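There are 2 protein chains.
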Amino acid sequence: MTRLARPGGSPPAPRSVDVARLAGVSQKTVSRVLNDEPYVSADARRRVLDAAAELGYRRNQAARALASGRTRSIGVVTLGSALYGPASWLMGIEEAVRKVGYTLRVATTIEGDPGGIASALASLLDQGVDGLVISEPIDEGVGLISVDVPVLVLGAPPTFTAPQVVTARVGAGRLARAATEHLLELGHATVHHLAGPQRWYSARDRLAGWREALRAHGADEPPVVEGDWSAASGYAAARELAGDGTVTAVFAANDDMAIGFIRAQLEAGRRVPEDISVVGFDDIPIAAYVTPPLTTVRQPFDEVARQGLALLVQVIEKPDVELPPAADQPVELVVRASTAPPPPRPIPGRDRRAIPHAPGGPHDQPAGSEVPSTQP
Amino acid sequence: MTRLARPGGSPPAPRSVDVARLAGVSQKTVSRVLNDEPYVSADARRRVLDAAAELGYRRNQAARALASGRTRSIGVVTLGSALYGPASWLMGIEEAVRKVGYTLRVATTIEGDPGGIASALASLLDQGVDGLVISEPIDEGVGLISVDVPVLVLGAPPTFTAPQVVTARVGAGRLARAATEHLLELGHATVHHLAGPQRWYSARDRLAGWREALRAHGADEPPVVEGDWSAASGYAAARELAGDGTVTAVFAANDDMAIGFIRAQLEAGRRVPEDISVVGFDDIPIAAYVTPPLTTVRQPFDEVARQGLALLVQVIEKPDVELPPAADQPVELVVRASTAPPPPRPIPGRDRRAIPHAPGGPHDQPAGSEVPSTQP
DNA sequence: CGTAGACATGACTGCGCAATCATACAGGAC
DNA sequence: GTCCTGTATGATTGCGCAGTCATGTCTACG
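Shown next as structure tokens:
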């Protein structure tokens, strides 16, 4: 087997022996310098670095991985959608991975693909990742596959066995609880829930938080309507959930569904928030700019991803050290204009042309509302 | 160097020789079977597959890469944000990469990080990817680094040298032109443009398309206001762009800015679309559900990513074959309720309480409008 | 019946690096 | 001076696989 000239006809890439020859040292010394190992003289180090720069040398990661048994890469399983939540997790993870000196490999699953997680995991394990991140898992197929690297589960409790499992979560339950309590404290008798798909842990977490809040306040627990995260499903759910006009407050499991739901209300002639209050979840960047600006709950994706990854890397590099439990992140409820006290009495489907939101008018926003909250 | 037991204390992973031993063949035959090479008897193939399954064997990708000089992975440089456009590209790419049997490595850059693209590229090249995808590039730092693998540039013309560069684009210019023409054909004297950051090719493309449409129709070209893709910047731009009430039609370079802009109009007492028409760009999933439902332009991210990747893989695997030029994708303008003919005469800032959109009312939607357009 | 070719298989080797081990030399302790 | 310990370096080896080449077997055909 001969060294292959590269496709473009360019000469083969330099190897560490080439660098060694030019620097007048052994190949091993080159390796030592580039890995920041001790026992290299300042002089040798300088000569090696100069030679490497001159040749444009870059280490062959495949060879490094083969020789060391480590790939310095982390695999992430995420949902293959441009939804704000999953995309935010992914970006948070990428940044965190890069900052700890690892690289990222991605495999996606799609909603409703049975075994999708298992095959995504298999693909990443085949690639020899040193650790795995499972973002917003849904409970299918996981556990069927034996995972032999440490795993970070984001946004959910661990559910399968691996040598080490660490978790980082937002405390979505607490957030959901805060959102629900916000509505109850405005005076609503109870709060309906427009849930996410219950195969998702994060959807179940939110449901549980909502339920807790209702119980703590002694409020009735109305039936739950389940959506699929999309605005379309929120729109559709409105028929089921608010057809009779007795609903005065809704907590939606994400902002998209909340926006779809609000749209349906407006089309049905109900005003938000005068007739019906709506709280979303995620604080997507446009939440402050829809009409009415959406009261929602913010998840600190970046911070949670960063902390979780720090734990994961620690487990990868020092498997024996005991870990501190991950700290839950602070709750942040962002109150805007989609929530208000309930109307004096339930208003059966209005027939007059409703004014969904009176812009510019004297319009009571609960404390803390802030329209231009996102970027400048 | 001894084979290392894995961190969890589990026994070392099986190797191809282990499979070979169990199957009663040589290691090379195992390799042949798993690579679908010819000249293996059906019997040997079966024994190898059985043995591999029994041992739970998976090939070591590092060793494969080292021996073959190919990693079967593709690197993608993308913007580190949860914006719908970049996230959609990424997901389209991931799916396409997986379908052609490659794996994906991701490196991100962030807006305004000088040299960010160069360092992302370097990181991916270090990892030995067989090909690169540069998604929605911005023009900084690229070209400073010598790239020795084929590159696919999405959504932009190629701007740097690599052994092979292929491009796949949406024809964003044509889409922008269609959006602008839609407004002109509704009777607007001219169309203002709320542009994206001009360091982005996609933003420049849209600007150029808008300009072309104006020229073709002999319309005046009003000054451009530049945003940063965010709803907040669209909101802020409204002050500059529509302060005097003479603007009747705006084409925003993405939906987020369009939504922020609309929000500002409503707060200023102007109605959309009665007083001012707005077209967005991207057709984000909630575009059909905001108030008013947004007329916008849809980019076939998935399809473009898929076609581009097919080209890229062909170049990787058969560098010598001549390529067909990538076909531009069909234009799709989605007309909803944020556009209408202009008001009889320019209306200086109204002072009455405006009704942004009369839901349920008889409200003229141009042909093709469709509220529940997204998922069921 | 001998030989060309297709088919099937395995021995051997090397990809480029890091781990192991051996070695060499310095400076301090005794 | 001898022994030790710490520092600096290199020779050698092997990670697990795929490429190369040699070899063997079987069929087809003159």
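As you go down the protein sequences, you meet chains A and B in turn.
Going by numbering that gives the first Met the number 0, the first residue of the first sequence is number 0, and it counts up by one from there.
Going by numbering that gives the first Met the number 0, the first residue of the second sequence is number 0, and it counts up by one from there.
For every residue, glycine included, the Cβ atom is placed at its ideal position computed from N, Cα and C.
These figures come from a predicted structure and were not determined experimentally.
7 Å Cβ cutoff met for residue 82 of chain A and residue 307 of chain A: Not closer than 7 Å, so no.
Return the CA-CA distance between residue 253 of chain A and residue 226 of chain B, expressed in angstroms with no decimal places. So the two alpha carbons sit approximately 27 Å from each other.
For the alpha helix (DSSP H) that residue 44 of chain A lies in, which residues bound it at each end? For residue 44 of chain A, the enclosing alpha helix (DSSP H) has its first and last residue at 41-54.
For residue 303 of chain B, the nearest candidate out of B/246, B/89 and B/33 (CA to CA): The alpha carbon of residue 303 of chain B has as its nearest neighbour, out of B/246, B/89 and B/33, the alpha carbon of B/89.
Would you kindly work out how many angstroms separate the C-alpha atoms of residue 249 of chain A and residue 278 of chain A, rounded to a whole number? Computed Cα separation, rounded: 6 Å.
Chain-ordered neighbours of residue 182 of chain B on chain A, where CB pairs are closer than 8 Å: Residues of chain A passing the Cβ test: none, with the nearest at roughly 21 Å.
Quick check on residue 200 of chain B - is its C-beta less than 7 Å from some C-beta in chain A? In terms of beta-carbon proximity, residue 200 of chain B stays away from the interface with chain A, with every pair separated by 7 Å or more.
Roughly how many angstroms lie between the CA atoms of residue 98 of chain B and residue 173 of chain B, to the nearest whole one? Those two C-alpha atoms are separated by around 29 Å.
Going by DSSP in three states, residue 214 of chain B sits in which element: helix, strand or coil? Note: residue 214 of chain B maps to helix in three-state DSSP.
Local conformation of residue 134 of chain B per DSSP, three classes: DSSP places residue 134 of chain B in strand when its eight states are reduced to three.
Which of helix, strand or coil DSSP assigns to residue 205 of chain B: The answer is helix: DSSP assigns residue 205 of chain B an H, G or I state.
Would you check if there are 3 or more beta carbon pairs closer than 8 Å linking the region 173-183 of chain A to the region 207-220 of chain A? Under the Cβ criterion (8 Å, minimum of three pairs), the region 173-183 of chain A counts as touching the region 207-220 of chain A.
Suppose you measure from the CA of residue 289 of chain A to the CA of residue 260 of chain B; what does that come to, to the nearest Å? Using only the alpha carbons, I get a separation of about 10 Å.
Got a sec: is the Cβ-Cβ distance from residue 101 of chain B to anything in chain A below 7 Å? Cβ-Cβ to chain A under 7 Å: no for residue 101 of chain B.
Is residue 281 of chain B close to chain A, meaning its C-beta is less than 7 Å from at least one C-beta of that chain? Not an interface residue.
Does the pairing of the region 119-126 of chain B with the region 62-79 of chain B give three or more beta-carbon distances under 8 Å? Contact holds: three or more Cβ-Cβ distances are below 8 Å.
Buried/exposed call for residue 363 of chain A, threshold 16 Cβ in 10 Å: With a pLDDT of 34 at residue 363 of chain A, under the threshold of 50, the modelled position of this residue cannot be trusted; read the value that follows with caution. Residue 363 of chain A is exposed by the Cβ-count criterion.
Span of the alpha helix (DSSP H), counted from its first residue to its last, around residue 86 of chain B: 83-98 is the extent of the alpha helix (DSSP H) around residue 86 of chain B.
Own chain, CB closer than 6 Å to residue 26 of chain B, minus 5 neighbours either side, in chain order: Answer for residue 26 of chain B: 15, 16 and 19, listed in chain order.
Given that residue 52 of chain B touches chain A, what residues does it touch there, using C-beta distances under 7 Å? Those do not exist, as residue 52 of chain B stays about 13 Å from chain A at its closest Cβ, beyond 7 Å.
Among A/50, A/315 and A/335, nearest to residue 22 of chain A - alpha-carbon criterion: Cα-wise, what sits closest to residue 22 of chain A is A/50.
Should residue 59 of chain A be labelled buried (16 or more other beta-carbon atoms within 10 Å of its own) or exposed? The residue is buried, with at least 16 neighbouring Cβ atoms inside 10 Å.
Cβ distance (whole Å) where residue 128 of chain A is taken to contact residue 104 of chain A below 8 Å: With a Cβ gap of about 6 Å, residue 128 of chain A and residue 104 of chain A count as contacting.
In the DSSP assignment, the beta strand (DSSP E) including residue 73 of chain A goes from what residue to what residue? Residues 72-78.
Using a Cβ cut-off of 7 Å (strictly closer), state whether residue 284 of chain B contacts chain A. Chain A, which has a Cβ nearer than 7 Å to the Cβ of residue 284 of chain B, makes this yes.
Starting from the beta carbon of residue 83 of chain A, find every residue of chain B whose beta carbon is closer than 9 Å, and list them in chain order. Those are 81, 83 and 86, listed as they occur along chain B.
What's the gap between the Cα of residue 341 of chain B and the Cα of residue 266 of chain B? Between residue 341 of chain B and residue 266 of chain B, the C-alpha separation is close to 20 Å.
Specify the secondary structure class of residue 128 of chain A as computed by DSSP and reduced to three states. Residue 128 of chain A falls in the coil class under three-state DSSP.
Taking any Cβ of chain A, which residues in the region 18-51 of chain B have a Cβ under 7 Å from it, in chain order? For the region 18-51 of chain B, which is checked against every Cβ of chain A, not one residue is closer than 7 Å.
Can you list, in chain order, the residues of its chain with a C-beta nearer than 8 Å to that of residue 224 of chain B? Leave out the 5 residues immediately preceding and following it. Around residue 224 of chain B, the same chain offers 191, 192, 193, 194, 236, 239 and 240 as residues with beta carbons nearer than 8 Å, after the five sequence neighbours per side are excluded.
Cβ of residue 288 of chain B within 7 Å of any chain A Cβ: For residue 288 of chain B, the answer is yes, since a Cβ of chain A falls inside 7 Å of its Cβ.
Just how far apart, CA to CA, sit residue 35 of chain A and residue 41 of chain A? A straight line joining the alpha-carbon of residue 35 of chain A with that of residue 41 of chain A spans about 12 Å.
Step through the CB atoms of chain A and report whether any lies within less than 7 Å of the CB of residue 105 of chain B. Yes, residue 105 of chain B counts as interfacial toward chain A.
First through last residue of the alpha helix (DSSP H) which encompasses residue 28 of chain A: Residues 26-33.
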